[in-house]
Structures are given as structure tokens and as C-alpha cells.
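Undergrad:
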Amino acid sequence: MYAGFSASTGNLLSNHYILAWSFSRSKERLQSLDLSNLPQVPLPREEKNKVSPLVIGLVVLLVIPVLIILGGVYLYRRNKYAEVKESWEKEYGPHRFSYKSLYKATNGFSKDCRIGKGGFGEVYRGTLPLSRRIAVKRLSHDAEQGMKQFVAEVVTMGNLQHRNLVPLLGYCRRIGELLLVSDYMPNGSLDQFLFHDQNASPSWLRRISVVKDIASALSYLHTGAKQVVLHRDIKASNVMLDSEFSGRLGDFGMAKFHDHGANLSATAAVGTIGYMAPELIITGPSVKTDVYAFGAFLLEVVCGRRPVEPELQVGKKYLVKWVCECWKQASLLETIDSRMGREFIPEEAEMVLKLGLLCTNAMPESRPTMGQVVQYLNMDLTLPDFSPETPGVGAFMPVSTEASPATVVVPSLRNSSFSISVTHTILDGYGR
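All residue numbers for the sequence shown refer to UniProt numbering, where the first residue is 1 and numbers rise by one.
(1) Would you report the Cα separation of G394 and P364, rounded to the nearest angstrom?
(2) How many angstroms separate the CA atom of E335 from the CA atom of G108?
(3) Using three-state DSSP, classify D112 as helix, strand or coil.
(4) Spatial neighbours of F344 within its chain, please: C-beta separation below 6 Å, excluding the five flanking residues on both sides.
(5) Spatial neighbours of A349 within its chain, please: CB distance less than 8 Å, with the 5 preceding and 5 following residues excluded, ordered by chain position.
(6) Starting from the Cα of A293, find the closest Cα among G304, V320, G315, E309 and give me that residue.
(7) Counting along the chain, where does the alpha helix (DSSP H) carrying K137 start and finish?
(8) For S98, which residues does DSSP report across the bridge?
(9) Excluding the five sequence neighbours on either side, which residues of its own chain have a C-beta within less than 7 Å of the C-beta of K354, listed in chain order?
(10) At which residue ranges does the segment 268-341 contain complete beta strand (DSSP E) runs of 3 or more residues, listed in the order of the chain?
(11) With DSSP as the reference, label H222 as helix, strand or coil.
(12) Check whether the Cβ atoms of G253 and D233 sit closer than 9 Å, and answer yes or no.
(13) For the beta strand (DSSP E) containing M240, name the first residue and the last one.
(14) Taking a contact to mean a Cβ-Cβ separation below 9 Å, would you say L178 touches R138 in this structure?
(15) Rounded C-beta distance between Q227 and F195? I'm assuming under 8 Å.
(16) Helix, strand or coil for F396 per DSSP?
(17) Do you know how far the Cα of P53 is from the Cα of T9?
(18) Leaving out five residues before and five after N11 in sequence, what residues of the same chain have Cβ atoms less than 7 Å from its Cβ?
(19) Between the Cα of S219 and those of A135, I68, K288, K117, spot the shortest distance and give me the residue it belongs to.
(20) For my contact list, residue 436 and S189 are in at a C-beta cut-off of 8 Å; report their separation, rounded to the angstrom.
(21) Considering only the beta carbon of each residue, do A236 and D191 sit closer than 9 Å?
(22) Does M370 pass the burial test, meaning 16 or more other C-beta atoms within 10 Å, or should it be called exposed?
(23) On the three-state DSSP scale, how would you describe E389?
(24) To which residues of the same chain is D183 closer than 6 Å at the C-beta, ignoring the five residues directly before and after it?
(25) Here's a check: name, in chain order, each residue in its chain whose Cβ is nearer than 7 Å to the Cβ of L221, leaving out the five neighbours to either side.
(26) Looking at the structure shown, is F257 part of a helix, part of a strand, or coil, going by DSSP?
(27) Do you know how far the Cα of H95 is from the Cα of I69?
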């Protein structure tokens, strides 16, 4: 016997389910099937719409170029604003600030926050979160000298710690921006205090205190640091005054350093007219050229006038020569800044003036070390016997007298012909 049913649907597809089937070989009628326990017929599944290969191919062809373009834009922006670290940054670099944080701190580098301007850039005051006040030096990235100054300051200050140095808190470097961040010095520069503050003149005690501070800082740079550090631009405008009027030596943009016991290789002579030792263009920088600059700085602070003042008569044009001539005429104390009155101790004032002449001796071997200078200022050591007639004393030989004091770059005579180019002029305000 055969049993079955027809399920033909032609070209159409359908599902057929046999849920129950009853057979009997007897002639008796079969009982009705109990359909209550039968499973439910499964519903046919709806097939998802199939996407043709042609559509898939078109989508792929459109998406790939878009992804390439987006990737190129991302790489361009990343390279444009990336703060790439070079080897010198990894070894020496202190804290690195984001450009955004410094932009906010200075109100977008607004003119109201600008406190100084010079040939290598501008200085702004700013406030970080938690009300910490900072000074931000924004260097020019267009000039090669700007980059050299930036690297010099970061590398030098990143390894130095002394109470009389302006502490470098960090830096920021990106395309078109070179920024140095230091503590804000609320009393500005010593230059501003000496020559631009019409309301008050620093007292003798305050001036000598600042001179001692800078002498201590230089002694540390020459002998106390891991390497010998030559500042090469010591002057009143690079001395900052903190909240307690302590002197802090700053601006290490021209600094050079070398191992103790080694000599610095020949390099261009840089500095500011009036503070540059006469041998600088021949021998290059050394600790002795820093001592000379300190001597000119010392006389500047005590006498209240700049090392070179072209507008004065010949006898007073050069501070070092003028002080020496006054010593010859037994009127050494007459060179002291008259704005202080007679509040100084004559013996101390005379010693300080003579120390300035000793440091600016035209013969490098006759100059003291900065360690000895500190001892002289603290009265722990007596000055050697010398007179205004001693060879080299008061023999000031300026590099140039055609302009007011300015920073100059002079190629060393060891490897090039002599030439001078003025690259920077002090304006006013905070440091450079």
C-alpha cells in the first residue's frame, strides 16, 4: 500500500509539514486524532534583501578614496601641530607646557600682558591654574638665532638650580612657536629699577645685596654646576628682582657650556657693547670674559649709569675709564650714584669700586675668579694692592661707539675676518 499527498507548486517554493498521520489495517473506523498536543507549524522565515555584488563594489570604490583623504588630513594636522621631541629635549628638557595652556594664561598673548620686547622675541606675564604667575618668553621662530637661543636656554637652565637664577619652569615648542616659561618676577628687571623708575632709587644696601646675589650665581655657574656655564650677557637688564628684591640672573640665550678642565672651542663673540672684554674677539668666551662683564655690571649698579654713554663728553663716555680717572684724581667716591646721597660706608664703597676696576682689567690673567669676587664682597678676602696706574686698569677698549649699548655678534678672529653686526637693542621692561 502506498499513501501520500501532492505538494507540487510549480516554479514556486513552499514548505509542507506532516504533523500527524494515522493508519489502520482493520475495517473499524479510526479514532479522531488529538490535535491539541501537536506542535505548532513553524512560520516561514523571511529572507533578507540580498545586496547585489555591483552595489557592494560601488560602495567600496567610494569609501576607499574618502578614507584616504581623511587620513591625509589627519596626518597633515598632526604634523602641523605636533610637538616633536628631539634628542636634546629628551635628555635635558624640563616640563613641557601645552600651547593652549600658555595661550589661555596670557589672554591670547594680548598687548596688555606684554612686559618686555627685544630682538629675539617678546615677554608676557600670565597666570596658570591655582593662580601661579609666570613669565612667557615668546621667541621668534623665523630667525635661526631664535632657535639657537631657545635650545641654549632649555638645555642650560634645565640642569641648573640656584637661588639667584631665574628658574625655568618649562617650555613649549610647535610649528611657528618657541616659548620659554619661568617664574614671574614682580619687581621687573634691575635695569628698569635703576634707570626707568622715577619714583624711587634703590638704596646702597639693596644695590650691594643684588650685586652679591649675581656674584654668587656666577660663581655657581663657573664652578658649582656639572659643567662650566658661560653666561656671556651679564648686564642689569638681564638681572630680575623677585618679590623680596633678591637678584636673579636670567636670559641664558647666549650661554655656552663645557666640561670642567676643558676649553670652549672657537665661537662667535657675542655680548653687549660696554660689557665685552677686549680679548673676546680673539680668544673667544671664557670665565674671564664673564668676570669682565660682571665688573662692568658692578660699576653700572654702583654708579647708576651705563657702561657706554656716547652722548657724554669724551672724559665721561666710558664708565670704566671715567671711574679710573676719578681714582687718579682722588675723587673715586664722587662716581657713586648721587641719588643715594651719602648713605653708604666710604670704605666699603671704595672697595666695591676698585673691585669693579679689577674685574675689568684689560689683561684677563689679572682678573679675579668669581669665587674670589664673592669673598671680596663679603669682606672675607682683601683686595690685592693695585693702583690706577697698574697696567690694564681702566684701559677700556670698546668694540664700537656708534650706537647705544646693544647686543652684538662678532665672528671670532680665530677663524674669520673681523666684522660687527648689531642684532639686538634693549628697549625697556622685563629683561630683553
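Note that CB positions come from ideal geometry on N, CA and C, so glycine has one too. Keep in mind the model is a prediction, meaning the values are calculated, not measured.
TA: Per the coordinate set shown:
(1) If you number the sequence shown from 1, residue 394 lands on position 394. If you number the sequence shown from 1, residue 364 lands on position 364. G394 and P364: Cα-Cα distance of roughly 13 Å.
(2) Locating residue 335 in the sequence shown gives position 335, where the first residue counts as 1. Locating residue 108 in the sequence shown gives position 108, where the first residue counts as 1. Checking the displayed sequence, the identity of residue 335 turns out to be Thr instead of Glu. Computed Cα separation, rounded: 46 Å.
(3) Translated into positions along the sequence shown, residue 112 becomes position 112. When DSSP states are grouped into helix, strand and coil, D112 belongs to the helix group.
(4) By one-based count along the sequence shown, residue 344 stands at place 344. Short of 6 Å from the beta carbon of F344, and not among the five residues preceding or following it, lie these beta carbons of its own chain, in chain order: W204.
(5) Working through the sequence shown from its first residue, we reach residue 349 at position 349. Residues of the same chain with a CB within less than 8 Å of the CB of A349, apart from the 5 flanking positions on each side, are W204, V302, L333, I336 in chain order.
(6) Translated into positions along the sequence shown, residue 293 becomes position 293. The shortest Cα separation from A293 among G304, V320, G315, E309 belongs to V320.
(7) Counting from 1 along the sequence shown, the entry for residue 137 is found at position 137. Element bounds for K137: not the alpha helix (DSSP H) but the beta strand (DSSP E), 132-139.
(8) By 1-based counting over the sequence shown, the position of residue 98 is 98. Per DSSP, none; premise fails for S98.
(9) As a position in the sequence shown, residue 354 is number 354, starting the count at 1. Residues L383 of the same chain have their beta carbon placed closer than 7 Å to that of K354, with the five preceding and five following residues left out of the count.
(10) Within the segment 268-341, the complete beta strand (DSSP E) runs of at least 3 residues are 269-272.
(11) Counting from 1 along the sequence shown, the entry for residue 222 is found at position 222. In the structure shown, H222 sits in a helix (DSSP, three-state: H, G or I).
(12) In the sequence shown, residue 253 corresponds to position 253, counting from 1. In the sequence shown, residue 233 corresponds to position 233, counting from 1. It is a contact, given that the beta carbons lie within the stated cut-off.
(13) Residue mapping note: residue 240 aligns to position 240 of the sequence shown, counting from 1. M240 -> beta strand (DSSP E) spans 239-241.
(14) Numbered from 1 along the sequence shown, position 178 holds the residue referred to as residue 178. Numbered from 1 along the sequence shown, position 138 holds the residue referred to as residue 138. Less than 9 Å divides the Cβ of L178 from the Cβ of R138.
(15) Along the sequence shown, one-based indexing puts residue 227 at 227. Along the sequence shown, one-based indexing puts residue 195 at 195. Between F195 and Q227 the Cβ distance is about 34 Å, and since that is not below 8 Å, they are no contact.
(16) Taking the sequence shown and counting its residues from 1, the one referred to as residue 396 is at position 396. Three-state DSSP puts F396 in coil, outside helix and strand.
(17) Sequence index remark: in the sequence shown, residue 9 carries index 9 (1-based). Sequence index remark: in the sequence shown, residue 53 carries index 53 (1-based). Cα to Cα, T9 sits roughly 30 Å from P53.
(18) Here the question's residue 11 lines up with position 11 in the sequence shown. Excluding positions up to five away in sequence, the list is empty.
(19) As a working mapping, residue 219 is identified with position 219 in the sequence shown. Here the closest residue by C-alpha is K288.
(20) Since the first residue shown for the chain is 1 and the last is 432, residue 436 is missing from the structure and cannot be characterised.
(21) Sequence index remark: in the sequence shown, residue 236 carries index 236 (1-based). Sequence index remark: in the sequence shown, residue 191 carries index 191 (1-based). Yes, these two residues count as a Cβ contact at 9 Å.
(22) On the sequence shown, residue 370 is found 370 positions in, with the first residue counted as 1. By the 10 Å Cβ count, M370 comes out buried.
(23) Walking along the sequence shown from the start, residue 389 turns up at place 389. In this structure, E389 counts as coil in the three-state DSSP scheme.
(24) Start at 1 with the first residue of the sequence shown, and residue 183 comes out as number 183. Cβ within range, chain order: P167.
(25) Position 221 of the sequence shown holds residue 221. Residues V229, H231 of the same chain have their beta carbon placed closer than 7 Å to that of L221, with the five preceding and five following residues left out of the count.
(26) The residue you call residue 257 lines up with position 257 of the sequence shown. Residue state, collapsed to three classes: strand.
(27) Sequence index remark: in the sequence shown, residue 69 carries index 69 (1-based). Sequence index remark: in the sequence shown, residue 95 carries index 95 (1-based). Computed Cα separation, rounded: 35 Å.
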